[in-house]
Structure formats: C-alpha cells, structure tokens
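Contents: one structure, followed by commentary.
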Amino acid sequence: MSLRFEGVSMAYTPGAPVLTDIDLEIPPGEFVTVVGASGSGKSTLLSLVAGLTRPTKGRITLGGQAVEGPGPDRGMAFQSPSLYPWRTVERNVAFGLETRGISRQARRERVAWLLDEVGLTEHAGKLPGSLSGGQQQRVSIARALARSPEVLLLDEPFGALDVQTKEDMQLFIRQIWRDLGTTVVMVTHDVEEAVFLGRRVLVLASDPGRVARDLRVEPFGEGLEVKRTAAFLAVRAQVEDLVRREHRAHLAAAHA
Amino acid sequence: MVSVDSPPVERAASPAPRVKLLKTEVSRRTAWILRVSSVAVPLVVWWAVSGSGIVPDRFLPAPPEVWAAFAEMAASGDLQNDLLASLGRIGAGFALAVLISVPLGFLMGTVGWAQPLFEPIIGILRYLPASAFIPLLIIWLGIGETSKIALLVLGVVFFNTLMTADVVRQVPRRLLDVSATLGAGRARVAARVVFPHSLPGILDALRVNAAVAYNLVVVAELIAATSGLGYRITRAQRFLQTDKIFAILIVIGLIGLTIDVTLRVLRARVGRWSA
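As they're listed, the protein sequences go chains A and B.
First residue of the first sequence: 22, per the working numbering; consecutive thereafter.
First residue of the second sequence: 3, per the working numbering; consecutive thereafter.
Below, the structure is given as structure tokens:
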C-alpha cells in the first residue's frame, strides 16, 4: 500500500507553518530517510503519518484510505525507546497484540518470532531497565512491528546511541526491512546514516518545512565499509551541503 | 588603555581552595549506630530526667511507670478497644477519601476539562484546616461516627486528589503516543499505561496522607468521643494520669510507624521497576 501526501500543510500556531504543501508518494516497501536542518518539520512529518498530529491542510492516505488518527497499520519508534518499564521485554512486545482478539497461543508465537528476529530471545523475561540502550531500541522496534504494520516510522531511533551501537543498529534495521518488506520512513539528523540506509533521501528545507530535494540512492553495497568508498562519500557530501545550506538559511531567518 | 591582547582572567587565590561536596555518605555500620541512637538517646534522656527528680513525677512519669500504665490498660482491654475504634475510623474515612480522590485526581491528570474545572475549588478548599471544621461537622452530623469519618475525608481528599493528579500528569507524552500507535484506545491507555505508571506515585501520596488521617482521628476524638485513643487521652488528663497519656502517645507512634512501614513495603514491591 503506498503512502501519499496530498498538499499537506501543518501549523501548530496559525500563520507559522511547520510544513507546507508536501506532495509525496512513497510506494510500498521503500526505505525512505528524511534529513533536514532543525525547524524543518522532520518529526512533524512522521507524527502526521502516525496520526498523532492532524494536518491543517491537505491529507495523507495509506492504500487510498485517509489517515484519521493513530492505528496499528503504522508502527512507530522514537529516539527514547519509551518502553513500558513495568512490563517485561516480551510483554512490551505483546502490548499491541493484546488490543485485538488474538489468542494467547498466537500472541505467544508472534512475540517469540519477533524477539528472535531482533535477537533478544534470551532477554524475554527481563525488565527494560536492565537492558542497554541498543537493546531497548530493538524492543521498541519489535513492539512497533508486532501488528505487521504497512509502514514503520522511525524518529531518530539511533540518535542517542554510541557510534558502534548505532552502526550495529543500522545493519539491524536494514535486515529487518529486507526480511519484512515493510515500508520504512526514518527521520535522522545523521546524513551518513540517511545515505547508508535510505534508498531514497528526502532533504527538507526550513521556514516553512518543505521538500527541498528528493534523491534516489543506488545501493553502494552491504557492509559498513561502503561508507568509505568514493561514491558513498560523494553522495554524502552532496546531501550534507544541502542540509548545511538550509541550516544557514534557518539561522539567517531567525536573526532577521 | 585597556589591553586587547589577553582576555580578562580572574586570578585564582593560590592554592586553589578545596571544594567539598554537599552530599556525603556514611558506612553501613555508622548508619546503624546512628539509627539506634536516634531512638535510644531520647529514651535515655527521658529516663535520666524523670529519675533525677528535677521534674515532678506528675508531669514527667518515668519509663517503668508508663510501662505499668500500659500493662494495666492492656489488661483491662481498654487499650485494645480504643485502638480498634480509632483504626476503624481511619479505615473508613481514609478508604472513602481514597475512593473519591484517586479517580478524581486521575481524571484531572488525563482529561482536559477536569483540571480547569476542579483545580481552583480544590486549591481553595485544601487550605481550610480540617480541624476547623469539627464544630461545623458536629452541628451538621452530630457527635457520632459520621462526623469523625467526615473530618478524615475532608482532611485527606483534597490533598490526595491534587497529588494524584500531579503523578498522573507525569506519564511521559511519548508513552501515550506509542500506546496510541499500537492501537490502544482511551480506556485501554488509562488502565494499561497511565494507571500502572502512576501506581507507585499514588502509593507515595497515600503514605503521606495516611499520616494526616491518623493525626486527624486523634484530634477528632479529643473533642467529642466515647471511645478511641484520643478519648482515652482526654480521660487520663481529667485524672492527671500522665503515665497513661505517655503510654497512649507511644502506642500512637508505634502504630503510625507500622502503617508507614507497611505502605513503604507495598510501594517498594509495586514500584520495583521504577527503582
């Protein structure tokens, strides 16, 4: 099911739009990364798709159906894992499955499969507080995947992790994407990450937020070492320049 | 001329003063010694002063006399009856206050209209001292159980409502957002997310307010009652039995401590995840 933005604008306060006239079509199974300077409305874009925020103009559709509010067809994970600290890892993952008439047995199998997929089977009975940051984020992603969403929305999911863990998680999320074929829309402030993961990189402009560039990125290769290749570095530099330009414009606008 | 070559530098007094941290810790052993002294020292001072004869026995009875008074009241069964009467009132009044304040506070912490509707009036009411209501409550409800239970409710309900509302409001926004994206509606989020997240904090509020209820019941019984620990104190006063008053005060203190420790243990069990 494809995800469409049709003339979407969003303003928290009237007259000060965060996003204006976004028109986008994201076909099913695509991995889209979104970068942009602060104030470009990256997070708002995801929030709109999640249905946590309503557009002031235009509409968002998923498979032709207008998005009217949050729903399990769009899973989401944030920079802070936001797990239920009183629930064990497996019961965190099961949360979304408890809301429908799913048999206990089916739920248990699904949770076991998800924990295996994210590599946390041995931590099933632990409380989130005893896990590392990267592990918590895996739980958060497994929880978002529990109801087999059409779209997985990731809002700077690895922003708070150390560099090594972050790279592990990049390989991890790509594997998840390959295995499940879910559409992924990921917001990040890390251009390298955006270019490494995204098959399509959206660069947002600020004041108000809009799509400045919609770049298609050919896969460079599998491992982390592609980050050192000339081809990768060239694309990365191109995107960085775009983001930097928007950042400067944003600062200038703020001082004007 | 001001030199522009070097930035202004504050010359440090030499040698640099040693900075001490505000928070300090003691060893477990020292902590235990301090804990024991915390109770033992006042007890020893009491014993010494009452034994020295500086203060007349009538004003400050010695520990053995207090113990004897305690044993006498316990043997006659008065103490047990009074204790049960007081605890029964606390149980009824506190339970009623909790049944009103927790749902109300929950509402104020979650639903947008409840906060502006209830906060101002509760904000005013909670500053009215509950004990000042005793005369009014006696006029309205008589000197029976109802007025005493009503006093406890008045003394607890407003504070507990506002404290519950504060705790409920502290549930992180992200957690609510995530729950919504997982398909959980309002009722489900309230029961499965907001309530468990708030429970340790609600128990903290209950612990604070249980002490208030416990204080108020004795006050209520001092003024108009025919049973209860407060009543027993006023009776002892009439006959100048300070030994009995001391014994009852110690009982009140120990029971209060028991209630506190019980709630603390419960809180620790429920809130293991938040530790």
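Beta carbons are placed, not taken as given, at the ideal position from N, Cα and C, and that holds for glycine.
Where DSSP assigns a beta bridge to Leu254(A), which residues make up the other side? Beta-bridge pairing links Leu254(A) to no other residue.
Short of 9 Å Cβ to Cβ, which residues in the segment 156-169 of chain A face chain B? Ser161, Arg164, Ala165, Ala167, Arg168
Rounded to the nearest angstrom, what separates Ile123(B) and Pro65(B) at their Cα positions? 48 Å
Rank Val267(B), Phe160(B), Val170(B), Ile126(B) by C-alpha distance to the C-alpha of Val214(B) and give the top, closest one. Phe160(B)
With 7 Å as the C-beta to C-beta threshold (strictly closer), list the residues of the segment 69-94 of chain A near chain B in chain order. Ala71, Leu73, Pro91, Gly92, Pro93
Quick check on Gln185(A): buried or exposed, where buried means 16 or more other Cβ atoms within 10 Å of its Cβ? exposed
Under 8 Å between C-beta atoms of Ala233(A) and Gln100(A): no
Can you tell which of Ser52(B), Ala71(B), Val104(B) has its C-alpha closest to the C-alpha of Ile204(B)? Val104(B)
Range of the contiguous alpha helix (DSSP H) that encloses Glu243(A): Element bounds for Glu243(A): n/a, residue is neither H nor E.
By a C-beta neighbour count over all protein chains shown, 10 Å radius and 16 as the cutoff for buried, is Arg269(A) buried or exposed? exposed
When you compare the CB positions of Gly28(A) and Gly79(A), do they come within less than 8 Å of one another, or not? yes
At the 8 Å Cβ level, is Trp107(A) part of the contact set with chain B, yes or no? yes
Could you tell me the alpha carbon to alpha carbon distance between Pro102(A) and Glu261(A), rounded to whole angstroms? 27 Å
At least one CB of chain B closer than 8 Å to the CB of Met31(A): is that the case? no
What residues are listed by DSSP as bridge partners for Ser30(A)? Lys78(A)
Taking C-beta pairs closer than 7 Å, name the residues in chain B that Phe116(A) reaches, listed in chain order. Leu184
Mind checking who Val207(A) pairs with in its DSSP beta bridge? Strictly speaking, residue 207(A) in this sequence is Met, with Val absent from that position. In the DSSP output, where bridge partners are listed per residue, Met207(A) has Thr54(A), Leu175(A).
What does the Cβ neighbour count give for Val208(A), buried or exposed, with the cut at 16 atoms within 10 Å? buried
Who are the neighbours of Phe99(A) on chain B, taking C-beta pairs under 9 Å? Arg176, Asp179, Val180
To be precise: take each residue of the segment 129-158 of chain A, compare its Cβ to all Cβ atoms of chain B, and keep it if any distance is under 7 Å. Which residues remain? Leu148, Gly150
Along the chain, where does the alpha helix (DSSP H) that runs through Met165(B) open and close? 147-171
Buried or exposed for Ala193(B), please, with buried defined as at least 16 other CB atoms from any protein chain shown within 10 angstroms of its CB. exposed
So with CB distances below 7 Å, who are the chain A contacts of Pro198(B)? Trp107
With distances taken between CB atoms, is the gap from Ile47(A) to Val212(A) smaller than 8 Å? no
For Ser61(A), return the contacting residues in chain B, with the cut-off set at a CB-CB distance below 8 Å. Correct list: empty, because the minimum Cβ distance to chain B is about 21 Å.
Short Cβ contact (8 Å threshold) for Leu225(A) with Leu67(A): no
Report the option in Leu208(B), Ala207(B), Val180(B) whose CA atom is closest to the CA atom of Val195(B). Val180(B)
Look up Arg220(A) in the DSSP assignment and say whether it is helix, strand or coil. coil
Determine the extent of the alpha helix (DSSP H) in which Glu188(A) is found, giving its start and end residues. 184-201
Spatial distance of Leu45(B) from Ile225(B) (CA atoms): 30 Å
Looking only at its chain, what residues have a beta carbon closer than 6 Å to the beta carbon of Leu62(B), apart from the 5 residues adjacent to it on each side? Ser52
Tell me whether Glu27(B) sits in a helix, a strand or coil according to DSSP, three-state version. coil
Are there any heavy atoms of the ligand MN lying less than 7 Å away from the beta-carbon of Thr244(B), as far as the coordinates show? Absence of the ligand MN is noted for the structure shown, with no ligands found whatsoever.
For the 8 Å Cβ check, are there 3 or more pairs between the segment 122-129 of chain A and the segment 59-77 of chain A? no
Roughly how many whole angstroms lie between the Cα atoms of Asn217(B) and Asn83(B)? 18 Å
Find the nearest neighbour of Val41(B) within the set Asn162(B), Phe108(B), Gly187(B), Ile252(B), judged by alpha-carbon distance. Ile252(B)
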